[in-house]
Each structure stands twice: as structure tokens, then as C-alpha cells.
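**Q** Protein chains in written order, with the working numbering: chain A, 1 to 446; chain B, 1001 to 1446.
2 protein chains.
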Amino acid sequence: MNNNDMAVKLSGAIEQQDFKRATEAVQALRPIDIADVIALIKPKLAWQLLEHLPNRSTIFAYLDTDIQVALASVFPRAILAKIVGEMPSDERTDLYKHLSQEQRDVLLPALAQAEREDIRRLSAYEERTAGALMSSDYATLQAQMTVSEALDALRLEAPDAETIYHTYVIDKMRQLLGVVSLRVLILAPPEQLIKDIMLSSVISCEVNDDQEDVAKTIARYDLISLPIIDASGALVGIVTHDDAMDVASDEATDDFHKSGGVSTVIGRLKDVSVRVLYRKRVFWLVFLVFGNLLSGLSIANFEEVIAANLVLVFFLPLLVDSGGNAGSQSATLMVRALATGDVVMRDWFSLLGREAIVALMLGATMAVAISIIGYIRGDAIVSLVLAMSMMSVVMIGCVIGMSLPFILNKLGFDPATASAPLITSVCDASGVLIYLFIASQFLSIG
Amino acid sequence: MNNNDMAVKLSGAIEQQDFKRATEAVQALRPIDIADVIALIKPKLAWQLLEHLPNRSTIFAYLDTDIQVALASVFPRAILAKIVGEMPSDERTDLYKHLSQEQRDVLLPALAQAEREDIRRLSAYEERTAGALMSSDYATLQAQMTVSEALDALRLEAPDAETIYHTYVIDKMRQLLGVVSLRVLILAPPEQLIKDIMLSSVISCEVNDDQEDVAKTIARYDLISLPIIDASGALVGIVTHDDAMDVASDEATDDFHKSGGVSTVIGRLKDVSVRVLYRKRVFWLVFLVFGNLLSGLSIANFEEVIAANLVLVFFLPLLVDSGGNAGSQSATLMVRALATGDVVMRDWFSLLGREAIVALMLGATMAVAISIIGYIRGDAIVSLVLAMSMMSVVMIGCVIGMSLPFILNKLGFDPATASAPLITSVCDASGVLIYLFIASQFLSIG
């Protein structure tokens, strides 16, 4: 049964107040799958169903934030407070940030003191930092505990902790002393001390680190969770592997959008409004209109040679596009390599040499192709002009394409700003200039 | 100390046979960090160091495959067999696939029977499938075991298993009956039966599933590991969260490269040879040269109107680029949304309506911009021609850009093949035609 059919069936059952049938219909599903169905039914019915499901907080946490906000406004206050109280702390903070001031004023007094403080603390961190991503639902151990004491402590904390598979050992000042995995714990003798089995070189990130660095650290060291420390070195939260995977995917989407000349962040494409889409796209388009005027100015400068040799116009789009295409390829390779860390700033010079050789080979291949066409349509001189132009245009395109991401990075911009449209426009302007300059050297102006 | 300095220091110590100093230098580092340093020193010295490190198999597994192959040819056979025997089964199979026939013939007889069979079995799966990604180092439980028996079994298997945090419950035919997490195990009473605490609706993938689907499943359900079953439903392997994260990153890189008109897979950009780079890039470039000839043919058809109104050439790159840029934006948004699953095939029609409205707004904005410039450079009629052309070109570009990924998907190609260069060329050809057609309707031909 697909989600739409399921939603219709569920809505019917809830409207008839037949909660036995409704809960049975979803009981074999995973929380995220139930959330996908709930997203399709009316808020009034959705909360009635959630009220009857044992794992409602988990399901609620999987809903998109805008649906959570819609549901929050129909939930009775006591139920809302209960569900929000049970949510993972990172999801809870996200929801809180999206509530209206009115909704916050209703919710906050109904929450326990500890939860209120947790929300205040976590919502203070800037978006897209480790602090905004982290959860405060984690277990900790003391170095002087025995293994059996540690296991008892974990059993107590397990229901509330995001993970107990990696646990962090801290002192009284919450300084990180080590990490111990549950695998090591269950293999160790019960009387052994935690300090003797813990790994004391702990990989961690700071609260203000970029979320992208958090995801990369988790990926590099194959971690299940990563401890987050504040400026004083005290443990303040953890980020888990599944959150890191979501961040990596979102960051790839952002880079992808930028590479296509779309300002980020737009969220889920299906749900984005026309207004947002327009706003995120219009800047680059209009910016590039003015950029392209440069190409036009070059053309105006060579009006005479064009008037005398109209065949040049025939090849104009082909030549300038080829430079742009080669440049887009180079830029794409560089932008992604910089994003994944395969290439760093100091590699630029050594890569430039290789790029020049590749560009020479590509340019030569394409020069052969275009010179044949040029000979058929024009004559030997046109053919020569085209071959020389193609070589130059492709070379210049590749050098611009591979260098622009580095330059942007150096200037403090995201290298992904070197989008295909931007590269195309820059390469077009230089391509037109090169082509018409070479043509003007070889062809008569009538 | 950076990796290069560390490599120099290590090489010196090993050459003096001072292995105490060498091992001390790296002992605080994580295996992957040690692997990064080892990649920089000579193979002969590298294996001498590895011989003295307790976790050499883990370190060796983190090296790039080409460095593993280089090391394999200097290792004495007995040591190579020992290291390879201890490697995780998925990494071992990858290495085996990259060895020469000669190296395989040396290695295989030195391995234990079970390892030989494991290599044969795993290397039979097609690249980029779940089977080629999975590991056979996992623990299993029986449904009739008690919790304390299960914990004892896990303690026995822990040293060899990739993860013991999620363990799969199978029957005698290896059919998947359920999954139990270590968290649940340590919370349950010792005498409880596994069948009463296991979750019986297990999420799994099949050996022939695309690795991208495996990564998406792990991401969707926040799994630590995913069981892989064969056609008969029997458990044959697991894929862990860290492998899923690497796959997701590689797949994003592939899509990114395709979007820039580079055929995949090229591996790490820094290490790729000039020859491979040329081969992966030349196809699209030459293909698009011929594609762009269409633009040229349109121009040839309108030679008279161009000759009489050379101002048209001035605006040619600007107009056709704008269509291409708008189209690239649309394509980029669609390609990524299809890749992440935010959008599916049946959404095309509903998205088309929204896209048309956005395109209308974008086109109108840009038409205003270009008509002002047109009025300054030309006259009122040129200005009108430009405004009308810009509207049409942007509309057509957006519709092509958003539809091409769907069409390619429908035809069985990867939607990411709708690269910026391809979209640009298609939009350019239609842009030139539209522009010159509109111009020929309004402007005299002299």
C-alpha cells in the first residue's frame, strides 16, 4: 500500500474513532515511515493518532519542521509538552526555533526546568555549527569506575541517551579524559578500572566548528559519535553518525546548487515556494546578464571584421561554448575535490601544470574537428583561424575553470560559487575576444 | 608536525633500524593518520615499520589500494598472508581484485581455506552493488538463545566482527528472523529469550541492489549496519554506517562530475593521470562541438537579417547564455532532488507548472534589464525584439532544464547526465533560433 492510500485509510479509521484499527495499520512500520504517512493526514486527525501510539515522540521527531509546527498548534498544551519533553534534544531545539513567540510562551512553562534550560542553551548556537547540531542526550563515565559500575551506569542512562556504544569519560570539570566503547566494556573483566581500558586520545570538535568539519571528522575516523567541547575543553554534547550523514548530504546539495548558479539554502525542492525559488535564482541570472555585456562589447569592437566575414558569426556560439564547457569541467573537478578535501590550496600550482597538458590535448582534438568544418563552410584561412581560436579558447577556459575556485576560496568565498554559469560567462567573454582578435589578424575587413 | 616532516623523521629512524623511536613517533596517532604518513615513505621502509606495529592490519586497510598493491610486492609472503588474513573482509576483497595474477598466485596458497573461499565469494559480486560493498565479518544469534548466552556469544565474536552493536538473528537456513541491539541486550534480564526481545521487521537489502540504495537505506533508517541477503533470503553480509557514508560521498562526487560534463569515475583528482583526465573529458566536449553546429546552422539561415542589423550580434552571447544559465539552474535543482529522493518521476507534471511561473518571473526581470540596454545601443524596435526574445529564451531554457533530467531518467540514463554543458548547448541552439526568428519578424533585412 502506498503512503497516500494508507493516509486515506488511517484518516477514515480515526474519524470513526477506531483507534485499534488505526494503530494496527501502522504497527509494522518504522517510525520514519509512520511519519511519512502522518505528514499526509490532517493535523487534527494526526494528533489523535499520535496520542495512541507508544513511540509518538520518536515519530513526531521524524516529521518535517513545518508539519511539527502545524501539529504543535492543534495539540493540547499538556500533550505537546510531554512529546516535546521526550524528543531528542537536537530535534527539540530545531522545533523550538521554528515556533512563533506565542507558541513558545504556551510551551515553555509546561516543560520541566531541565528541558527549558537545555532548549535555551542549545538554541544559542549559530546555525550550521557543531553546537547547533549536537545533542545533549549522552551518557558519561568516571575514570575511577570499575567496568561493572560503568555498565550499571549505562543501563540507567540507556533509555535517554542517543547512543551508549561510545561513552566519554570526564572529570569533575567535565574535561574529556577518554572514550570507551561498549564493545571493550563487555569484553573487559568486571573489576577493571575504566581509566585502564579507555582510549585517552579522543577525537573531538569545538562548538563553533563548521558542521561540515564535524561530518568530515566522523567520516574520516569511522565514528559512531563525536564529542563536542566548549572553549574551556569541557564536554557539552555529542553528534551521532546519522546526523553527520544528513549534514554531508545537505552540504553536497548546497554545493550542487551553487555549481548550477542557484543561491542556497532552499530546503526540499518539492516544498519550496515560487517566491523563494525566484529569489534564489534571479541574482545570478541578472548578474550574468551584465557580465555577458562584456562579450557584447568585444563584438562591437570588431564590427568591421564581422561585417566583412559573416561566416565568423556562424562559428561564434560553437567556439565560445567550447571554452565554457572545458572550463566548467575543470571547475567542477576542482570544486568537488576542494569540498571532499582531496585537494588543498597549496596543490594549485602543481595541478596547474597537469591541467595545461590536458587542456592542450583537448584543445588539439577539438581544433581538428572545427578546422574540418571550417574548411567545408569557409576556406583554408577560416579553417586556420578556427583551429587557432579553439586551441586558445579551450586552454584559457581550463585555466580559468581550475583557478577560479582556488581564487574564490582564497578570498574567503565558497569555491562552489565558481558555478557553471559564472565560468561559462567569464569564458565566453574571453573567448569572443580571442576569436575575433585572431580573426582580425588573418581576415580582411572588406 | 605535518605528515611530510613526520615521514622524513620516520624514514630516518627505520633506516637506522631504530624501531623503538619509530613506533613511539606514531603511537599517539589513529590508524588512518598513520596510514597517511606511511603512504609518503618508501615501500621497503613502510613494511619494516608495519611489522613492528600491533594494529598493522587496520593501518594497512586504510591505505589507498594502489599503495597496498605496491607494498604487497615487497612484503615477504608469510607477513603479507598474515596481514591480508587479518584485514576486514570487504577491504581484503578490494585489494585482491587489484593484485596481478602473479601476486594472487603467491598470496592465495598462503591464506587459510576459509579466507580463500571468502575472497572468491565476495569478489564474484559486480562492482557498485551491495554484494561488492558488504563485509562477511559479522556476528549472528539464534532465536532460542537466552540474553546471557547471546552476550557470551558476542564476546567470542567481538574481536572479528565489524560491529556487535546490531546483531542479526537467523535460523538454520540463515533466513533473517530479527535484529537485536546491544543496547536492548544489556538492558534485558539474563534469562529472557532473544526471540522475545528481537525486532522482527528487519530492514535489509539484496546482494544485487545498487550501492547507492544501500547508502540511502542506512541514512533513512539511521542504521549502524544493514544486513544483506541473497535471492533466497539468506543472510550473506552486512554493510556498516561508515561504508555507507563513503558511498554517499562517492555518489555525490560522481553526480557532481557528471553535472560538469565529466564522465565518471575518476577516483582521487590528485592522483589521476593526464591520460585518464583527457579520456574522461574529451567525449562530451567533442560531442557538444557537433551539438553546437545546430546553433551555427540557425545563424546561417538568418544571415540576411544579421547582415542588415549587426547590432543583433552584439546581444547574441548575452541572450543565448541567459537561456543556458536559467536552464542549468533548473537542471541542477532537479538532478539533485532526483538523486536525494526529494522528487520522484511522477512529480514532473506538478513541478512543471511551478517552474513555468518561476521562469515567467525570471524572464520578465531579465527582459526589463536587456530592453533598457537594447534601447541605449539600438532603438525601440531592437529593445522590443530583445525583451520578447529574453522572455522566450528563459522560459524555454527552464522547461528544457527541468525536463531533460526526467526524460533521461525515463530512458534509463542517469539524470545527472543532463550536465550544465549539455543543457547550455541545447538551450543555446534553441535560443539562437528563437532570437533570430523574432528579429526577422520585426527588423528589415536591409
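The beta carbon of each residue, even a glycine, is placed where N, CA and C say it ideally should be. These numbers come from a predicted model, not from an experiment.
1) Starting from B:Thr1340, trace the alpha helix (DSSP H) both ways and give me its first and last residue.
2) Could you tell me the distance, in whole angstroms, from the CA atom of A:Ala153 to the CA atom of A:Lys82?
3) Out of A:Leu319, A:Val399 and A:Arg155, point me to the one whose CA is closest to A:Ile357's CA.
4) Output yes or no for whether 8 Å exceeds the beta carbon distance between B:Thr1163 and B:Thr1140.
5) Output, in chain order, the set of chain A residues within a Cβ distance shorter than 7 Å of B:Met1366.
6) Using CA coordinates, which residue listed in A:Phe315, A:Gly327 and A:Ile396 is at the minimum distance from A:Leu386?
7) For B:Val1180, list the residues DSSP reports as bridge partners.
8) Got a sec? Which residues, its chain only, sit under 7 Å from B:Val1313 by beta carbon, not counting five neighbours each side?
9) Distance cutoff 8 Å, beta carbons only. Does B:Tyr1138 sit that close to anything in chain A?
10) Is it the case that the stretch 1325-1339 of chain B contacts the stretch 1370-1390 of chain B, given that we only count it when at least three CB pairs across the two stretches are under 8 Å?
11) B:Ala1028 and B:Ala1013: beta carbons closer than 8 Å?
12) Figure out for me which residue from B:Arg1077, B:Ala1035 and B:Pro1054 has the closest Cα to the Cα of B:Asp1064.
13) What's the C-alpha gap between B:Val1320 and A:Asp347?
14) Please give the ranges of any alpha helix (DSSP H) in the stretch 209-244 of chain A, keeping only runs that are unbroken, at least 4 residues long and fully inside the region.
15) Going by CA-CA distance only, name the one from B:Ala1150, B:Asp1255, B:Ser1057 and B:Asn1301 that's closest to B:Glu1191.
16) Under 7 Å between beta-carbons, which chain B residues line up against A:Gln452? List them in chain order, please.
17) For the alpha helix (DSSP H) holding B:Thr1365, just list the boundary residues, first then last.
18) How big is the Cα-Cα spacing for B:Leu1177 and B:Leu1099?
19) So, at 8 Å on beta carbons, what are the nonlocal neighbours of B:Leu1362 in its own chain, with the 5 sequence-adjacent residues on each side left out?
20) For A:Val179 versus A:Val214, is the C-beta distance shorter than 8 Å?
21) State yes or no: is the C-beta of A:Tyr435 within less than 8 Å of the C-beta of A:Ser389?
22) When Cβ atoms are compared, which residues of the stretch 174-202 of chain A fall closer than 7 Å to chain B?
23) Can you grab the Cα-Cα spacing for the pair A:Ser392 / B:Ile1381, in whole Å?
24) How would you write the range of the alpha helix (DSSP H) that B:Ser1204 sits in, first residue to last?
25) If contact means a Cβ-Cβ distance below 7 Å, which residues of the stretch 1401-1429 of chain B contact chain A?
26) Below 8 Å between beta carbons: does that hold for A:Thr332 and B:Gly1260?
27) When you compare each of B:Asp1254, B:Thr1058, B:Arg1275 and B:Ala1429 to B:Ser1295 by their alpha carbons, which one comes out closest?
28) If you drop the 5 nearest sequence neighbours on each side, which residues of the same chain put their C-beta closer than 7 Å to that of B:Ser1444?
29) Is the beta carbon of A:Leu45 closer than 8 Å to that of A:Ile59?
30) What does the alpha-carbon distance come out to for the pair A:Leu156 and A:Ala72?
31) When DSSP builds the beta bridges, which residues end up paired with A:Leu193?
32) Report back the beta-carbon spacing between B:Arg1056 and B:Ala1110 to the nearest angstrom; my notes put them in contact at under 8 Å.
33) Using a Cβ-Cβ cut-off of less than 8 Å, give me the residues of the stretch 330-359 of chain A that come near chain B, in sequence order.
34) Which residue from A:Tyr62, A:Leu235, A:Leu318 and A:Val262 puts its Cα closest to that of A:Asp171?
35) Would you call the stretch 243-256 of chain A in contact with the stretch 190-204 of chain A, where contact means no fewer than 3 C-beta pairs closer than 8 Å?
**A** The relevant details are as follows:
1) Unbroken alpha helix (DSSP H) run through B:Thr1340: Val1311 to Thr1340.
2) Going from the Cα of A:Ala153 to the Cα of A:Lys82 covers about 25 Å.
3) Here the closest residue by C-alpha is A:Val399.
4) No, the Cβ-Cβ distance between B:Thr1163 and B:Thr1140 is not below 8 Å.
5) Proximity of chain A to B:Met1366 at the Cβ level (cut-off 7 Å) is accounted for by Leu285, Val286 and Val289, in chain order.
6) Ranking A:Phe315, A:Gly327 and A:Ile396 by Cα distance to A:Leu386 puts A:Phe315 first.
7) Per DSSP, B:Thr1167.
8) Taken in chain order, the residues that qualify are Ile1306.
9) No, because no Cβ of chain A sits closer than 8 Å to the Cβ of B:Tyr1138.
10) Inter-segment contact for the stretch 1370-1390 of chain B and the stretch 1325-1339 of chain B is absent: fewer than three beta-carbon pairs are separated by less than 8 Å.
11) The answer is no: Cβ separation not under 8 Å.
12) Looking from the CA of B:Asp1064, the closest CA among B:Arg1077, B:Ala1035 and B:Pro1054 belongs to B:Ala1035.
13) Across the structure, B:Val1320 and A:Asp347 are spaced so that their CA atoms are roughly 35 Å apart.
14) Listed in chain order, they are 211-220.
15) Of B:Ala1150, B:Asp1255, B:Ser1057 and B:Asn1301, the residue nearest in Cα terms is B:Ala1150.
16) Coverage of chain A is limited to positions 1 through 446, which leaves residue 452 of chain A absent and any answer about it impossible.
17) Note, B:Thr1365: alpha helix (DSSP H), Trp1348 to Arg1377.
18) Answer to the nearest angstrom: the Cα atoms are 38 Å apart.
19) Cβ neighbours of B:Leu1362 beyond the five flanking positions: Ala1326, Val1394 and Cys1398.
20) No.
21) The Cβ-Cβ distance between A:Tyr435 and A:Ser389 falls below 8 Å.
22) Listed by position, the residues of the stretch 174-202 of chain A near chain B (Cβ gap below 7 Å) are Leu182, Arg183, Ile186, Leu187 and Ser201.
23) Cα to Cα, A:Ser392 sits roughly 37 Å from B:Ile1381.
24) Per DSSP, B:Ser1204 belongs to no alpha helix (DSSP H) and is neither H nor E.
25) Answer in chain order: Ala1420, Pro1421, Thr1424, Ser1425 and Asp1428.
26) Closer than 8 Å, so yes.
27) Ranking the options by Cα distance to B:Ser1295, first place goes to B:Ala1429.
28) Excluding positions up to five away in sequence, the list reads Ala1308.
29) Their beta carbons are not under 8 Å apart, which means A:Ile59 does not touch A:Leu45 by this criterion.
30) Straight-line spacing of the CA atoms in A:Leu156 and A:Ala72 works out to 31 Å.
31) When beta bridges are read from the DSSP output, A:Leu193 appears opposite A:Thr146.
32) At roughly 16 Å, the Cβ-Cβ gap does not stay under 8 Å, so B:Arg1056 and B:Ala1110 are not in contact.
33) Contacts with chain B (Cβ-Cβ distance below 8 Å) from the stretch 330-359 of chain A involve Ala331, Thr332, Leu333, Met334, Val335, Arg336, Ala337, Thr340, Asp342, Val343, Asp347, Leu351, Arg354, Ile357 and Val358, listed in chain order.
34) Each of A:Tyr62, A:Leu235, A:Leu318 and A:Val262 was checked against the Cα of A:Asp171, and the nearest Cα belongs to A:Leu235.
35) By the Cβ criterion, the stretch 243-256 of chain A is not in contact with the stretch 190-204 of chain A, since fewer than three pairs of Cβ atoms, one from each stretch, lie closer than 8 Å.
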